[in-house]
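**Q** Sharing a structure below in structure tokens format, with a few things to ask.
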Amino acid sequence: VHHKCRNPRVIPFYGIAKAPVGKEYAMVIRHAEHGDLRNYIRKFFPKLTWTDRAKILIELSKALNSIHQMNLVHKDFHCKNILVDEDDRIFISDFGLCQPIDSEIASSIQGVLPYIAPEVLRCKPYTKQSEVYSLSMIMWELTSDKPPFSNNNHDAGLALEILDELKPLRPEIVKGTPEFYVSIMEQCWSSEPLKRPVASLLPKLFEEMIDLCKVADDNIASSKIICYSSLSESNFVTNNSVNTGKNMNNNLNAL
76 VHHKCRNPRV IPFYGIAKAP VGKEYAMVIR HAEHGDLRNY IRKFFPKLTW
126 TDRAKILIEL SKALNSIHQM NLVHKDFHCK NILVDEDDRI FISDFGLCQP
176 IDSEIASSIQ GVLPYIAPEV LRCKPYTKQS EVYSLSMIMW ELTSDKPPFS
226 NNNHDAGLAL EILDELKPLR PEIVKGTPEF YVSIMEQCWS SEPLKRPVAS
276 LLPKLFEEMI DLCKVADDNI ASSKIICYSS LSESNFVTNN SVNTGKNMNN
326 NLNAL
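Numbering-wise, the sequence shown is residues 76 to 330 according to this note's numbering.
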């Protein structure tokens with residue numbers, strides 16, 4: 076499938092290589108300088124702005140749509156299967172589970188549990204909206220610097236909590252996440268596929284989020300300046316107090 080997916084947002088595939096010893100084979104693909112998105116987030120998380128996150132999501136949603144436009148669903152959409160090159164361009168990789176959208180081939184539940192949509196866990200058809208759910212988990216990962224449910228066992232117990240009808244388990248919202256970002260993320264991880272944003276409209280939705288992200292970034296920058304200014308004033312007062320005390324002691328000694 077990977078070989079057939081020739082589009083700018085799929086990591087280029089060059090061929091198959093056989094190990095010198097043994098019977099193992101490996102796919103030869105284009106080198107991605109920053110590795111997968113999980114590694115990229117870990118490496119640059121302290122510097123990531125909300126605008127940066129929005130730009131990543133725009134590229135991710137466009138890449139996902141490029142797959143859907145070929146009448147395919149990826150079925151294993153998570154940070155480890157997204158690669159980033161030296162120019163911060165994003166590519167989708169690993170098409171081992173990929174299949175046509177209208178495929179009637181029965182398949183077992185496969186993939187990384189936290190990214191699997193609730194309807195898929197209920198053995199319902201895998202659709203484009205199922206991948207919107209997967210994207211919501213990546214949205215959360217961009218705010219937390221860790222994979223969703225990393226402290227949970229990925230077992231039937233976790234699946235049942237995710238499927239709970241009264242209070243379905245979702246990752247805890249990270250403090251400081253802007254409300255507009257949370258709103259879109261929560262819509263994307265809705266238990267009901269039809270309540271999630273339409274996959275094809277996600278790029279536009281994230282593009283419209285850019286201006287709000289810039290405001291959020293400006294507010295963060297302003298708060299840091301105010302905080303730094305307050306600390307500087309505090310140090311000035313403290314230093315003056317120390318100097319005054321020292322001068323007073325000198326004056327007393329002189330007497």
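Glycine included, C-beta positions come from ideal geometry on N, C-alpha and C.
Keep in mind it's a predicted model, so treat the numbers as computed, not measured.
My output table needs one value for Ser-304: the three-state DSSP class, helix, strand or coil.
**A** The count along the sequence shown starts at 1 and reaches residue 304 at position 229. Its pLDDT being 46, under 50, Ser-304 is placed unreliably by the model, and the measurement read from it follows with that caveat. Three-state result, Ser-304: helix.
**Q** Here's the rule: buried if 16 or more other CB atoms are within 10 angstroms of the residue's CB, otherwise exposed. What is Pro-95?
**A** Counting from one through the sequence shown, the residue named residue 95 turns up at place 20. Pro-95 is exposed by the Cβ-count criterion.
**Q** Considering only their Cβ atoms, is the gap separating Ile-165 from Glu-134 smaller than 7 Å?
**A** In the sequence shown, the residue the question calls residue 134 occupies position 59. In the sequence shown, the residue the question calls residue 165 occupies position 90. Closer than 7 Å, so yes.
**Q** At which residue ranges does the region 155 to 225 contain complete alpha helix (DSSP H) runs of 4 or more residues, listed in the order of the chain?
**A** List check, alpha helix (DSSP H) in window: 193 to 196 and 203 to 219.
**Q** Just to confirm my understanding: we take His-149, look at its own chain, exclude 5 residues before and 5 after, and list those with CB closer than 6 Å. What are they?
**A** What you label residue 149 is simply residue 74 of the sequence shown in a count that begins at 1. Counting only Cβ-Cβ distances below 6 Å, and skipping sequence neighbours, we find Ile-142 and Cys-173.
**Q** Run through DSSP, which three-state label would Ala-92 get?
**A** Position 17 of the sequence shown, counted from the start, is the residue given in the question as residue 92. In this structure, Ala-92 counts as strand in the three-state DSSP scheme.
**Q** Please determine, among Thr-126, Gly-97 and Val-195, the residue with the shortest C-alpha to C-alpha distance to Ala-291.
**A** For the purposes of this step, residue 291 is identified with residue 216 of the sequence shown, where counting begins at 1. Comparing Cα positions, the closest option is Thr-126.
**Q** Taking Cβ to Cβ, would you say Ser-209 is nearer than 7 Å to Tyr-190?
**A** Position 134 of the sequence shown, counted from the start, is the residue given in the question as residue 209. Position 115 of the sequence shown, counted from the start, is the residue given in the question as residue 190. In this structure, Tyr-190 lies closer than 7 Å to Ser-209 by Cβ.
**Q** What are the boundary residues of the alpha helix (DSSP H) that includes Phe-119?
**A** As a first step, residue 119 is located in the sequence shown; it is residue number 44 there, counting from the start. Residues 112 to 119.
**Q** On the CB-based measure, 16 or more other CB atoms within 10 Å of its CB, does Ser-205 come out buried or exposed?
**A** Mapped onto the sequence shown, residue 205 falls at position 130. With 16 or more other Cβ atoms within 10 Å, it is buried.
**Q** Quick check: the region 249 to 266 against the region 212 to 221, are at least 3 beta-carbon pairs closer than 8 Å?
**A** Yes, the region 212 to 221 is in contact with the region 249 to 266.
**Q** What would DSSP say about Val-290, mapped onto helix, strand or coil?
**A** As a position in the sequence shown, residue 290 is number 215, starting the count at 1. Here Val-290 sits in helix by DSSP.
**Q** Give me the Cα-Cα distance between Glu-282 and Lys-98, rounded to the nearest whole angstrom.
**A** Here residue 282 refers to the residue found at position 207 of the sequence shown. Here residue 98 refers to the residue found at position 23 of the sequence shown. Each residue's alpha carbon lies about 47 Å from the other.
**Q** By a C-beta neighbour count over all protein chains shown, 10 Å radius and 16 as the cutoff for buried, is Asp-169 buried or exposed?
**A** Stepping through the sequence shown from its first residue, residue 169 is reached at position 94. Counting Cβ neighbours within 10 Å, Asp-169 comes out buried, since at least 16 surround it.
**Q** Whose CA, out of Ser-266, Cys-154, Leu-139 and Asp-151, lies closest to the CA of Leu-241?
**A** Counting from 1 along the sequence shown, the entry for residue 241 is found at position 166. When each option's Cα is compared against that of Leu-241, the closest is Ser-266.
**Q** For Leu-244, which of helix, strand or coil comes out of DSSP?
**A** The residue you call residue 244 lines up with position 169 of the sequence shown. In this structure, Leu-244 counts as coil in the three-state DSSP scheme.
**Q** Please classify Tyr-115 as buried or exposed, where buried requires at least 16 neighbouring CB atoms within 10 angstroms.
**A** In the sequence shown, counting from the first residue as 1, residue 115 sits at position 40. Under this definition Tyr-115 is a buried residue.
**Q** For Leu-147, which residues does DSSP report across the bridge?
**A** Within the sequence shown, residue 147 is the residue found at index 72, counting from 1. For Leu-147, which the question treats as bridged, DSSP gives the partners Pro-175.
**Q** With a Cβ-Cβ cutoff of 7 Å, do Leu-188 and His-153 count as a contact?
**A** Residue numbering aside, residue 188 sits at position 113 when the sequence shown is read from its first letter. Residue numbering aside, residue 153 sits at position 78 when the sequence shown is read from its first letter. Not a contact, by the Cβ cut-off of 7 Å.
**Q** Beta carbon of Pro-278, beta carbon of Lys-137: below 7 Å?
**A** In the sequence shown, counting from the first residue as 1, residue 278 sits at position 203. In the sequence shown, counting from the first residue as 1, residue 137 sits at position 62. Against a cut-off of 7 Å, the Cβ pair of Lys-137 and Pro-278 comes out as a contact.
**Q** In the structure shown, what three-state DSSP assignment does Val-257 receive?
**A** The count along the sequence shown starts at 1 and reaches residue 257 at position 182. In this structure, Val-257 counts as helix in the three-state DSSP scheme.
**Q** If you count every other CB in all the chains shown that lies within 10 Å of the CB of Arg-197, and 16 or more means buried, which is it?
**A** Counting from one through the sequence shown, the residue named residue 197 turns up at place 122. Arg-197 should be labelled exposed.
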